[in-house]
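Here's the structure we're looking at; comments come further down.
Protein chains: 2
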Amino acid sequence: MTTVAPRHPLATDAAIQQSRGELLHLVEERMLGFLANEQARWQDVNARAAQPVAALTTFLANGGKRLRPTFCLSGYLAAGGHPANSVAVDAAAALELLQTFILIHDDIADNSSLRRGAPTVHEVFVSEHREQGWQGESRRFGEGVAVLAGDLAFVYADQLAERLPAPARTVWNEMRAELVIGQHLDMAIAAEGVVDPGLSRWVAVQKSGRYTIHRPLVLGATLAGRPDMAAAFEGYGLALGEAFQLRDDLIDAFGSTEDAGKPTGLDFAEHKMTLLLALAAERDPRVAALLDNEEGEPWDAELLRTALEESGVRAAVERTIANLVDKACASLTGSGLDKAWRHEFARLATQVAYRSH
Amino acid sequence: MTTVAPRHPLATDAAIQQSRGELLHLVEERMLGFLANEQARWQDVNARAAQPVAALTTFLANGGKRLRPTFCLSGYLAAGGHPANSVAVDAAAALELLQTFILIHDDIADNSSLRRGAPTVHEVFVSEHREQGWQGESRRFGEGVAVLAGDLAFVYADQLAERLPAPARTVWNEMRAELVIGQHLDMAIAAEGVVDPGLSRWVAVQKSGRYTIHRPLVLGATLAGRPDMAAAFEGYGLALGEAFQLRDDLIDAFGSTEDAGKPTGLDFAEHKMTLLLALAAERDPRVAALLDNEEGEPWDAELLRTALEESGVRAAVERTIANLVDKACASLTGSGLDKAWRHEFARLATQVAYRSH
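Quick mapping for you: the protein sequence lines, in order, are chains U and F.
So for the first sequence, this note's numbering puts the first residue at 377; every next one is plus one.
So for the second sequence, this note's numbering puts the first residue at 377; every next one is plus one.
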């Protein structure tokens with residue numbers, strides 16, 4: 377494999393942090409500046425017309441890990457991309473608005489009331505409708521407005537991705553279809569209560585592996601003119617994505633709402649056949665029995681948590697996560713990345729796999 | 377204003393019908409072929425992954441007037457665009473998938489159970505969930521799946537619009553933001569019961585004028601290299617769009633579900649402050665009184681219909697529609713369009729303004 381010829385000194389951890397930090401700062405400015413323009417434009421028409429834009433601004437201001445922009449810009453810089461490139465900033469901003477779109481729609485589907493420590497978008501509008509005593513059903517109004525706010529984020533994401541060169545646009549388009557299909561499959565498996573670790577793993581690979589890590593990295597590398605790095609980043613992304621999803625499942629099963637900034641225990645409440653549960657059911661008949669209720673009665677979260685711990689599934693999953701992190705890092709050896717970047721990707725992998733929210 | 381130099385004989389009504397008919401046929405092939413590829417691709421992963429694609433195929437197969445493709449291709453051919461151009465076909469197909477996206481989301485927001493004489497997408501999945509006795513709430517599942525199916529139509533629309541040259545992409549992007557904001561404003565006005573003819577007219581102009589007629593025409597003319605025709609098409613589109621919306625309101629207020637292929641009386645049931653009602657309330661205090669109930673009690677549809685007829689509002693609106701059709705046609709004189717095309721646009725205007733569904 378060819379080696380990266382850095383077009384500029386990026387040899388030290390400090391330099392990496394600085395270049396990427398500056399770009400991530402520009403990403404925030406780009407997103408908020410874009411939304412501020414739209415806000416002003418629609419405000420001129422009517423205050424109500426600007427409501428969905430304001431909802432997106434608040435959603436972004438409430439936080440978020442900016443994982444996809446971070447991976448996109450890391451892939452870009454690691455591949456030797458020039459630190460001053462507004463198209464790379466736009467690409468990273470587009471990824472975060474795409475994530476905004478899917479989170480807003482996902483929170484409706486999951487009936488989730490809290491996100492980033494604040495009420496979800498639909499929750500805000502359901503409450504306002506109720507408090508104002510407006511016409512019609514509060515739930516239908518609030519969820520309808522949130523669907524449109526998500527749609528708007530989707531439009532804006534694409535407008536930010538408009539300047540991407542053709543090879544990067546191809547990655548962008550592929551990502552979007554994968555994302556929506558993955559969400560649907562996730563929902564269908566949960567509703568049908570399908571216990572199929574293979575299928576659950578496929579969903580995890582799509583949602584967390586490809587969408588969160590692999591595609592953003594490849595998007596960045598492609599913008600830097602290094603599509604040849606796709607294979608290495610795919611290995612890294614798919615392994616780390618599975619670890620990411622398992623951690624997500626563990627946080628939901630055992631984490632606290634305070635730490636997560638969103639309600640935990642949702643997967644159990646919504647009968648979501650997560651990768652964690654699929655593996656557990658495979659390994660422990662007691663878990664399988666708890667999950668298997670034809671009548672669609674609610675699962676007993678306490679019994680499930682206990683079973684997951686006593687059967688050693690929780691510990692086994694932690695071992696799996698550790699192995700996946702090693703596998704992710706190993707897939708970058710021979711990729712031509714310099715030492716500092718291999719360190720950085722190892723650091724990112726640990727951060728993602730051992731996060732508390 | 378410059379006159380259109382037709383690059384090929386399109387002088388007769390018959391020739392116009394034939395060229396556009398052939399292109400519209402290609403649009404159907406393009407949409408169904410695109411969806412068939414996606415269907416096969418996701419079917420290979422898992423039957424469930426292909427469900428949203430199948431839902432879109434069924435939705436398109438159930439009919440629809442293909443108004444936006446028709447206006448796009450009319451604008452394209454009238455501006456002298458060459459009849460054999462796959463990008464024009466893609467643009468028209470993209471417009472129909474964008475419409476598919478918004479109708480699926482709109483049917484959820486309107487709690488509508490019927491569309492094109494068939495159950496709406498969310499209705500199909502709500503029923504399946506209920507019949508199969510799957511886990512969780514049937515409404516949340518069915519509406520959640522439909523939101524994702526709409527999202528997927530949005531992604532596919534954009535993939536079909538991928539090859540548009542930059543000036544056409546600008547029209548495309550502008551359209552999408554306008555569309556979503558217009559939908560939101562429509563919903564907000566309905567919920568708050570705002571009686572503001574100016575605002576209701578603005579929404580009608582956005583949704584029906586710009587989105588349905590003006591932008592598709594300009595998109596076509598731009599693809600034909602005639603962006604200079606935008607002004608004439610704007611005049612035509614905005615006037616006809618208002619007529620389109622008023623007809624829509626009349627169909628919902630007075631039409632039968634059989635003719636409409638969708639439930640009528642929805643605007644009343646959902647307290648939608650339509651342009652029709654806004655004008656009526658302005659003209660007749662009795663109507664205003666019927667609409668004005670602080671408690672958000674359901675409106676009495678029968679009393680409203682009677683008031684609309686006795687107060688002469690219905691007749692007045694029919695006069696307004698006729699004037700708007702004239703205005704639309706008049707805006708094309710001096711546009712450099714040849715006689716056959718001016719006839720055709722007059723025919724389209726009448727078709728749109730006096731349709732029964």
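Even glycine gets a Cβ: it sits at the ideal position worked out from N, Cα and C.
These numbers were taken from a predicted model, which means no experiment stands behind them.
Between the C-alpha atoms of residue i and residue j, what's the straight-line distance to the nearest angstrom?
i: U:M377; j: U:L713; result: Its pLDDT being 44, under 50, U:M377 is placed unreliably in this model, and the coordinates cannot settle the point.
i: U:L474; j: F:N549; result: 16 Å
i: U:V689; j: U:A553; result: 33 Å
i: F:E720; j: F:L616; result: 14 Å
i: F:L626; j: F:G456; result: 36 Å
i: F:V581; j: F:L555; result: 11 Å
i: F:G526; j: F:R442; result: 17 Å
i: F:Y612; j: F:R586; result: 10 Å
i: U:M563; j: U:P573; result: 15 Å
i: F:S632; j: U:E678; result: 54 Å
i: F:G601; j: F:Y532; result: 25 Å
i: U:L595; j: U:P459; result: 15 Å
i: F:Y730; j: F:L653; result: 19 Å
i: F:C448; j: U:R417; result: 27 Å
i: F:A391; j: F:E404; result: 20 Å
i: U:F530; j: F:G440; result: 25 Å
i: F:F501; j: U:Q511; result: 27 Å
i: F:Q393; j: F:A454; result: 12 Å
i: F:H498; j: F:M407; result: 21 Å
i: F:T588; j: F:A619; result: 12 Å
i: U:A607; j: F:R539; result: 27 Å
i: F:R591; j: U:A629; result: 49 Å
i: F:A664; j: F:I565; result: 15 Å
i: U:V547; j: U:Q559; result: 18 Å
i: F:G569; j: F:P543; result: 39 Å
i: F:T640; j: F:R506; result: 26 Å
i: U:L666; j: F:E504; result: 25 Å
i: F:A469; j: U:D660; result: 51 Å
i: U:H733; j: F:D466; result: 43 Å
i: U:L642; j: U:G493; result: 15 Å
i: U:A431; j: F:I478; result: 20 Å
i: U:W675; j: U:A656; result: 15 Å
Could you tell me which residues DSSP puts in a beta bridge with residue i?
i: U:A494; result: U:R491
Is it buried or exposed, residue i, if we count other Cβ atoms within 10 angstroms and call 16 or more buried?
i: F:A381; result: Note that F:A381 scores 49 on pLDDT, short of 50, meaning its location in the model is unreliable and no value can be drawn from it.
i: U:K715; result: exposed
i: F:T337; result: The question about residue 337 of chain F has no answer, for chain F in this structure spans 377 to 733.
i: U:R682; result: Sequence check: residue 682 of chain U is Thr here, not Arg. Exposed.
i: F:G520; result: buried
i: U:D668; result: exposed
i: F:R396; result: buried
i: U:Q685; result: First, the amino acid is wrong: residue 685 of chain U is Glu here, not Gln. With fewer than 16 Cβ atoms within 10 Å of its Cβ, U:E685 is classed as exposed.
i: U:G509; result: exposed
i: F:S711; result: buried
i: F:H647; result: buried
i: U:T446; result: buried
i: U:A423; result: exposed
i: U:Q415; result: buried
So does residue i have its beta carbon nearer than 7 Å to some heavy atom of the ligand NAD?
i: U:A597; result: Judged by which ligands are present, the structure shown has none, so any question about the ligand NAD falls away.
If the cut-off is 7 Å on Cβ atoms, which residues from the segment 515-535 of chain U count as contacting chain F, listed in chain order? Of all residues in the segment 515-535 of chain U, those with a C-beta nearer than 7 Å to a C-beta of chain F are R516, F517, G520, V521, V523, L524, D527, L528, F530, V531, D534, Q535, reading in chain order.
Using a Cβ-Cβ cutoff of 8 Å, what residues of the segment 546-572 of chain F are near chain U? List them in chain order. N549, R552, A553, V556, I557, Q559, H560, L561, M563, A564, I565, A566, A567, E568, G569
Which residues, in chain order, does the segment 492-515 of chain U contribute to contact with chain F at a C-beta distance below 7 Å? Listed in sequence order: H505, G509, W510, Q511, G512.
Closer than 9 Å, Cβ to any Cβ of chain F: which residues of the segment 419-433 of chain U, in chain order? V421, N422, R424, A425, A426, Q427, P428, V429
Where in the segment 479-567 of chain F do unbroken runs of the alpha helix (DSSP H), each at least 4 residues long, occur, reported from the N-terminal end onward? You should have 497-508, 514-536.
Could you name each continuous alpha helix (DSSP H) segment of 4 residues or more that falls completely within the segment 638-721 of chain U, going from the start of the chain to the end? 642-645, 651-659, 661-667, 677-686, 689-706
Going residue by residue through the segment 393-481 of chain U, where are the continuous alpha helix (DSSP H) segments of at least 4 residues, counting only ones entirely within it? 427-437, 443-454
Taking only beta carbons into account, state which residues of the segment 627-638 of chain F come closer than 7 Å to chain U, listed in chain order. none
Please list the residues of the segment 694-713 of chain U that have a C-beta atom closer than 8 Å to any C-beta atom in chain F, keeping them in chain order. Within the segment 694-713 of chain U, no residue has a Cβ that lies closer than 8 Å to any Cβ of chain F.
Any chance you could list the alpha helix (DSSP H) runs of at least 4 consecutive residues sitting entirely within the segment 582-649 of chain U, in chain order? 591-599, 606-630, 633-636, 642-645
What are the residues of the segment 398-415 of chain U that lie near chain F, defined by any Cβ-Cβ distance shorter than 9 Å? Shown in chain order are the members of the segment 398-415 of chain U whose Cβ falls below 9 Å from a Cβ of chain F: E414.
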